[in-house]
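Residue numbers (my numbering), protein chains in the order written: chain A, 27 to 502; chain B, 5 to 261. Backbone N, C-alpha and C define an ideal beta-carbon position, used for all residues, glycine too. If you're wondering where the values come from, they're calculated on a predicted model, not measured in any experiment.
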Amino acid sequence: MFKYNFIYEFKRLIRSQWIQVLSILLFAVFSFAVFNGQQKTQKRLEEISSVKEKLKTSEAQMLSVLDSIEQGFQVSVSRWRLPSNPMTIGNKHPRLVEMPPHQWTFISTGQSDMYSHYVKPTVQANDFELSFTEMTSPTQLLFGSFDLTFVIVYLLPLIIIAFGFNILSYERESGALKLLASQPVSLTFWVFQKLVLRFLWLSVIVILTLYLIFSGNGINIFKEMATFFSLIGVICAYMLFWFALAFLVNIFGMNSAKNALVLIGLWILFVLLVPTVINQVGNTLYPMPSRTIMVNKMRSIKANATKKQDEILDNYLRDHPEFAINDSTQNRTFWHRYMASQALIDKALKPVVSNYNKQLRKQQNWLDKLKWLSPSMRVKAALNNTAGTSTTDYENFRNQALAFSEQWRKHFIPFLYNNTPFSSKDYEHIPTYQYRQKAHSNMATIGILFAIALLMFAIGLLASKNLKYKMNLTIS
Amino acid sequence: MEMLHIHCMKLSCATSFYTMITLDNVNKSYGDFKALKNLNLTVKPGEIYCLLGANGAGKTTTINLLLGFITPNTGTISINNINVQKSALKSKQYLAYIPENLMLYPNLTAVENLNYFSGIGGKSFGKKALETFLDDAGLQREAFHKRLSKFSKGMRQKVGIAIALAKDTKVLLLDEPTSGLDPKASNEFGQLLKHLKNKGVAILMATHDIFRAKDVATHIGIMKEGELKYEFETDKISLAALESTYLKIMDYKTLEV
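Pasting the structure below:
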């Protein structure tokens with residue numbers, strides 16, 4: 027039976043122009059989505075490049091002034107901007123802490139339109155941390171950009187529904203079912219074969235289309251084999267899940283309109299309703315503290331610390347005797363007081379920021395736990411991981427940025443308290459940052475989705491003996 | 005009035021012979037509506053049994069039961085001694101079926117439709133053999149490789165006949181097979197049935213056409229309201245007697261001319 031289904035299903039799909047229309051449609055939609063994704067990635071690269079350029083110009087000017095100072099020339103720069111002052115370097119000439127897009131970032135906007143992908147930590151407070159607390163609703167991005175992930179998560183199931191809603195009902199409505207049912211074949215198995223064949227054809231079209239589009243966009247698939255296959259694995263597993271749903275609906279023997287309605291209902295359930303409900307319940311269980319209150323608290327903590335700066339400095343020097351020198355010729359400036367108070371400010375701010383982040387993490391954990399209730403959420407997360415734009419990626423970047431900020435500040439503190447002027451040689455040794463991409467694996471997503479789909483097929487095949495389409499066969 | 009040679013054969017009398025189609029005390033209801041009442045019927049190899057009756061008499065229900073599309077409330081149904089209720093798929097290996105309104109895949113040609121349905125039924129043929137079946141079914145050669153979307157009802161019916169022929173089974177179930185066929189094609193179909201009968205195929209045909217039934221059948225049963233009212237051996241009853249009995253059973257009044 028498989029051989030004949032395989033040959034004639036293909037002929038029928040070709041002659042009804044399904045395959046041609048589907049190929050053109052997918053090519054057009056995927057191309058547009060990839061174009062959109064590339065535009066966003068390009069914009070992100072340009073932003074980073076523009077900031078880098080500005081920092082480079084400012085660095086060149088600073089090094090030129092520093093060189094003049096070291097050669098004993100008078101320079102017309104205000105005391106606050108003198109590059110021989112280490113705090114000027116630490117505050118005005120930061121390193122760029124960037125999270126550059128990688129080759130596959132274009133497939134999913136993910137959280138990139140919510141979080142900052144570059145920061146410039148200075149010796150001052152970590153105000154940039156606020157850039158990482160923009161998000162209050164992790165799933166609101168489900169309704170985001172028209173990128174490849176959007177097409178795969180939202181549109182591909184609709185195409186599958188259009189492709190597989192009338193497998194048995196077409197035969198009944200066209201009158202071919204009775205002749206078909208008089209053959210010594212199980213109708214359920216026949217539907218199963220037809221849907222598996224359609225899954226195979228659609229997979230071939232999707233893989234070829236993506237291969238062409240990716241190659242056209244300069245991606246060397248053979249070099250990026252692992253990522254490409256991981257991506258294809260996720261897409262195929264997700265498609266198989268929808269074909270398995272179509273199988274379960276088709277074998278109930280309803281008419282085409284009812285099949286379509288039920289499948290659209292399931293699409294609404296899995297793609298829209300479940301993510302929204304999970305998100306709303308997450309918001310109710312773990313409500314986000316007000317961001318305004320957090321900012322106000324931060325300001326008030328800083329204001330209090332400023333008032334007590336002299337006292338704080340004394341305490342700080344008591345705790346750090348290595349910086350407490352008995353040289354009356356040296357002044358204790360704003361920076362000495364500021365940096366002394368910074369540790370206290372950080373300590374006081376920690377619970378405020380961490381409370382905010384904790385709630386966000388709780389929401390995220392809640393979503394992670396329940397993500398399997400909606401395969402579309404799981405697939406979106408997997409594609410975000412592949413693109414490097416997932417919440418985990420931004421969390422990773424945030425932690426790296428905070429660690430670098432701490433390293434940056436600590437580098438300048440000995441210069442400040444030892445009253446050591448900054449030199450060109452010192453500049454060569456200042457810390458630099460390199461983003462370390464978090465490794466993700468989509469194997470669990472692929473494996474579990476395939477298992478769910480196979481389980482649904484098995485349930486359908488086993489339960490088919492008692493299905494009522496046998497009754498419906500008599501309705502002419 | 006001519007004396008009717010009516011043989012009301014009880015199934016129990018026939019079970020001592022080898023039967024290809026057997027319905028034993030079969031009842032079928034749809035809610036309160038009793039579609040079949042204690043139906044007993046047998047068809048042996050080399051017999052053509054025509055079921056006559058008005059719409060709703062239970063002819064199609066009988067065929068649907070034999071095909072395993074529906075299950076009886078009580079009674080036993082078997083094809084080639086295989087219980088249809090227990091082994092529907094196995095019993096279908098021994099039967100071919102031509103429905104009243106045969107629809108096939110419109111974007112496949114006649115040869116392709118024949119090849120597809122034969123293939124999924126487990127029979128594989130070469131192009132020549134497929135064309136021979138279509139030829140035997142009476143389809144004109146120029147239509148063999150045309151898509152069915154352009155076929156008339158009669159032409160589609162002929163493809164259905166070819167599918168049944170290709171299956172080469174011991175049992176043939178026909179539900180109003182000549183509806184839509186022109187008289188010539190209808191006649192050719194009758195000849196074909198006789199040929200199959202001579203080959204030992206057991207044929208059960210539901211029809212309204214008394215004349216065709218008289219022409220081809222070895223046995224005729226008249227159904228009314230789910231009951232098999234009369235059974236005849238065709239060669240023991242004249243066409244006029246058959247017609248008058250049929251009209252009498254159906255309570256039809258003939259026009260006085």
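**Asked** Measuring CA to CA, which of A:G201, A:L266, A:Y180 and A:A252 is closest to A:R224?
**Response** Of the candidates A:G201, A:L266, A:Y180 and A:A252, the residue whose Cα lies closest to the Cα of A:R224 is A:L266.
**Asked** According to the neighbour-count rule (16 or more other Cβ atoms, all chains shown, within 10 Å of its Cβ), is B:G130 buried or exposed?
**Response** Exposed, by the Cβ-count rule.
**Message:** Tell me which residues of the region 197–224 of chain A have at least one Cβ-Cβ distance to chain C shorter than 8 Å, keeping chain order.
**Reply:** Any reference to chain C falls outside this structure, whose protein chains are A and B.
**Prompt:** If you follow the beta strand (DSSP E) that B:M209 is part of, which residue opens it and which one closes it?
**Reply:** Unbroken beta strand (DSSP E) run through B:M209: A206 to T211.
**Message:** Mapping the DSSP letters down to three states, classify B:N85 as helix, strand or coil.
**Reply:** Judged by DSSP in its simplified three-state form, B:N85 adopts coil rather than helix or strand.
**Request:** Report yes if the CB atom of B:Y98 is closer than 9 Å to the CB atom of B:I86, and no otherwise.
**Result:** In this structure, B:Y98 sits near B:I86, with a CB-CB distance shorter than 9 Å.
**Prompt:** For the region 257–276 of chain A against the region 367–380 of chain A, are there 3 or more C-beta pairs whose distance is under 8 Å?
**Reply:** Counting Cβ pairs under 8 Å, fewer than three are found: no touch.
**Message:** So, at 7 Å on beta carbons, what are the nonlocal neighbours of A:L311 in its own chain, with the 5 sequence-adjacent residues on each side left out?
**Reply:** In chain order, W392 place their CB closer than 7 Å to the CB of A:L311, counting only its own chain and leaving out the 5 sequence neighbours on each side.
**Request:** Give the interface partners of A:S42 over in chain B, defined as CB-CB distance under 7 Å, in chain order.
**Result:** For A:S42, the chain B residues whose C-beta falls within less than 7 Å of its own C-beta are N111, listed in chain order.
**Message:** Can you confirm whether B:R216, when its beta carbon is compared against all beta carbons of chain A, has any partner nearer than 9 Å?
**Reply:** Residue contact with chain A for B:R216: absent (no Cβ-Cβ distance below 9 Å to any residue of chain A).
**Item:** Per DSSP, cross-strand counterpart(s) of B:H223
**Value:** DSSP output for B:H223 lists B:Y53 and B:E237 as bridge partner(s).
**Request:** May I ask which residues mark the beginning and end of the beta strand (DSSP E) holding B:T46?
**Result:** Here the beta strand (DSSP E) through B:T46 covers F37 to V47.
**Request:** Whole angstroms is fine: what's the gap from B:N319's alpha carbon to B:L106's?
**Result:** No information on residue 319 of chain B is available, as it lies outside the stretch 5 to 261 that chain B covers here.
**Request:** In the DSSP assignment, find the beta strand (DSSP E) that holds B:N31 and state where it starts and stops.
**Result:** Per DSSP, B:N31 belongs to the beta strand (DSSP E) from I25 to Y34.
**Prompt:** In chain order, what residues of the same chain have a beta carbon less than 6 Å from the beta carbon of B:L8, not counting five sequence neighbours either side?
**Reply:** Only weak support is given to the placement of B:L8: the predicted model assigns it a pLDDT of 38, under 50, and the question is left unresolved by the model.
**Prompt:** Do we get a CB-CB distance below 9 Å when we pair B:Q89 with the residues of chain A?
**Reply:** Not an interface residue.
**Request:** May I have the straight-line CA-CA distance separating B:L108 from B:L152, to the nearest angstrom?
**Result:** One C-alpha to the other measures close to 7 Å.
**Message:** Against chain B, with Cβ distances strictly below 9 Å, would A:N192 count as a contact?
**Reply:** No - not a single Cβ of chain B is within 9 Å of the one on A:N192.
**B:K228 (DSSP reduced to helix, strand or coil)** = If DSSP states are grouped into helix, strand and coil, B:K228 belongs with the strands.
**Asked** Between A:M251, A:A202 and A:K118, which lies nearest to A:W130 when the distance is taken from Cα to Cα?
**Response** Nearest option by C-alpha distance: A:M251.
**Asked** Would A:M280 count as contacting chain B if we go by Cβ distances under 9 Å?
**Response** By this cut-off, A:M280 is not an interface position.
**Prompt:** Given A:M161, which residues of its chain have a CB within under 6 Å of its CB, disregarding the five upstream and five downstream residues?
**Reply:** Confidence is the limiting factor: at A:M161 the pLDDT is only 46, short of 50, which leaves the residue's position unreliable, though a coordinate-based value still follows. Close CB contacts of A:M161 within its chain, under the 6 Å cut and outside five residues either way in sequence, are with M140 (chain order).
**Item:** Reduced DSSP secondary structure (H/G/I, E/B, other) of A:L168
**Value:** At A:L168, the pLDDT of 49 sits below 50, so the modelled position is not reliable; the number obtained from the coordinates is stated separately. In the structure shown, A:L168 sits in a helix (DSSP, three-state: H, G or I).
**Item:** Where the alpha helix (DSSP H) containing A:V288 begins and where it ends
**Value:** Residues S282 to W293.
**Asked** When the Cα atoms are used, what is the spatial distance from B:T26 to B:L70?
**Response** Straight-line Cα distance between these residues: approximately 9 Å.
**Reference A:L249; option with closest CA among A:Y237, A:G259 and A:R317** = The sequence given here has Lys at residue 249 of chain A, not Leu. Taking only the C-alpha atoms, the option nearest A:K249 is A:Y237.
**Request:** Compare the C-beta of B:N31 with all C-beta atoms of chain A and state if any pair is closer than 9 Å.
**Result:** No, B:N31 does not count as interfacial toward chain A.
**Request:** Compare the Cα-Cα distances from A:L274 to each of A:Q65, A:I178, A:G486 and A:L51 and report the closest residue.
**Result:** That would be A:G486, whose Cα lies nearest to the Cα of A:L274.
**Message:** Within 9 Å of any Cβ in chain A, is that where the Cβ of B:G99 sits?
**Reply:** The sequence shown places Leu at residue 99 of chain B, not Gly. It does: the Cβ of B:L99 has a partner Cβ on chain A nearer than 9 Å.
**From B:A39, B:F37 and B:C54, residue whose alpha carbon lies closest to that of B:L178** = The option with the nearest alpha carbon to B:L178 is B:C54.
**Message:** Pop quiz: B:H149 and B:E180 are said to be a contact at Cβ under 8 Å. What is the actual Cβ separation, rounded to whole angstroms?
**Reply:** B:H149 to B:E180, Cβ: 28 Å. No contact.
**Request:** Closer than 9 Å, Cβ to Cβ, to anything on chain A: give me those residues from the region 63–89 of chain B, in chain order.
**Result:** Those residues of the region 63–89 of chain B that come within reach of chain A (Cβ to Cβ, closer than 9 Å) are T64, T65, N68, L71, G72, F73, I74 and T75.
**Request:** Could you name the residues of the same chain whose beta carbon sits closer than 7 Å to that of A:L339, not counting the 5 residues immediately before and after it, in chain order?
**Result:** The residues are R358, H362, R363 and A366.
**Request:** Express the C-alpha separation of A:S490 and B:V47 in angstroms, rounding to a whole number.
**Result:** Here the alpha carbon of B:V47 sits roughly 31 Å from the alpha carbon of A:S490.
**Buried versus exposed, by CB contacts within 10 Å (16 or more), B:F236** = With 16 or more other Cβ atoms from the protein chains shown falling within 10 Å of its own Cβ, B:F236 counts as buried.
**Asked** Going by the CB atoms, is the gap between A:T417 and A:Q137 shorter than 9 Å?
**Response** Yes. Within cutoff.
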